[in-house]
Ligand SMILES: C[S@@+](CC[C@H](N)C(=O)[O-])C[C@H]1O[C@@H](n2cnc3c(N)ncnc32)[C@H](O)[C@@H]1O
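In our numbering, the protein residues as written are 6 to 207.
See the structure below:
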């Protein structure tokens, strides 16, 4: 897998080296507990966290799921994840590279989407949807946090539910009612809400 600058919205590697990472919550995302409580992340499940950065959710998912995959363009972020997993004596498959170009050996049960879709340039969103559909088994879940943002530009780029319905069409994805999407304000991004919900791959 390659890293070409035009496929990245910013120099993520440098941001990790500079410790300039305002998207990090500094605490575990409360949505993760909901995914665990609902059984979408747990024994028997394979779960991928694309664009994982240094999020602590990787180790928690590795503790609960049977097979965890975490991927990022940044080797610094993946090295950090490797150390965390080692400290906690946990196992996960770690991948450095452009994850949109990757395909799994066997289909996966769930994708944990946390501030990755909103980080990639919107022109790559079609590739993102194709990757999610290719990775997941039928009935597999996209455990999604959709970043809500009115201003133009990014990252983060806004992921309105209207745009997400267009990106993840009903012919390929089963949507829950929009009213079930719970808002989680992001503590370091001006309290911008992330809307959380499960999409099922057909
Ligand atoms: C806003 S950060 C979010 C990191 C993490 N999910 C979190 O919640 O802290 C976006 C991450 O996506 C990674 N990234 C961006 N484009 C990528 C790509 N095409 N393949 C893999 N990782 C990518 C960046 O390196 C960065 O770590």
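From the three backbone atoms N, C-alpha and C, an ideal C-beta is built for every residue, glycine too.
Source: prediction; values computed, not measured.
Hey, residue i and residue j: beta-carbon distance below 8 angstroms or not?
i, j, result
"residue 134", "residue 172", "yes"
"residue 34", "residue 119", "yes"
"residue 146", "residue 112", "no"
"residue 45", "residue 203", "yes"
"residue 55", "residue 193", "no"
"residue 90", "residue 105", "no"
"residue 53", "residue 140", "yes"
"residue 159", "residue 70", "no"
"residue 92", "residue 75", "no"
Which stretch, first to last residue, makes up the alpha helix (DSSP H) that contains residue i?
i, result
"residue 39", "35 to 42"
"residue 133", "130 to 140"
"residue 18", "17 to 22"
"residue 166", "166 to 172"
"residue 90", "80 to 92"
Decide if residue i is buried, meaning its Cβ has at least 16 other Cβ atoms within 10 Å, or exposed.
i, result
"residue 10", "Caution is warranted here: a pLDDT of 49 is assigned to residue 10, below 50, making its placement in the model unreliable, and no coordinate value can be reported."
"residue 37", "buried"
"residue 7", "With a pLDDT of 46 at residue 7, under the threshold of 50, the modelled position of this residue cannot be trusted; read the value that follows with caution. Classification of residue 7: exposed, given that the 10 Å Cβ count is below 16."
"residue 188", "exposed"
"residue 58", "buried"
"residue 185", "exposed"
"residue 88", "exposed"
"residue 22", "exposed"
Per the DSSP calculation, residue i is bridged to which residue(s)?
i, result
"residue 203", "148"
"residue 241", "Not covered by the structure: residue 241. The range shown for the chain is 6 to 207."
"residue 198", "190"
"residue 178", "206"
Is any non-hydrogen atom of ligand 3 found closer than 7 angstroms to the C-beta of residue i, if you look at the structure I gave you?
i, result
"residue 108", "Among the ligands in the structure shown, ligand 3 does not appear; only ligand 1 can be found there."
Considering residue i, what are the terminal residues of the beta strand (DSSP E) in which it resides?
i, result
"residue 187", "187 to 190"
"residue 72", "72 to 77"
"residue 115", "113 to 118"
"residue 100", "98 to 101"
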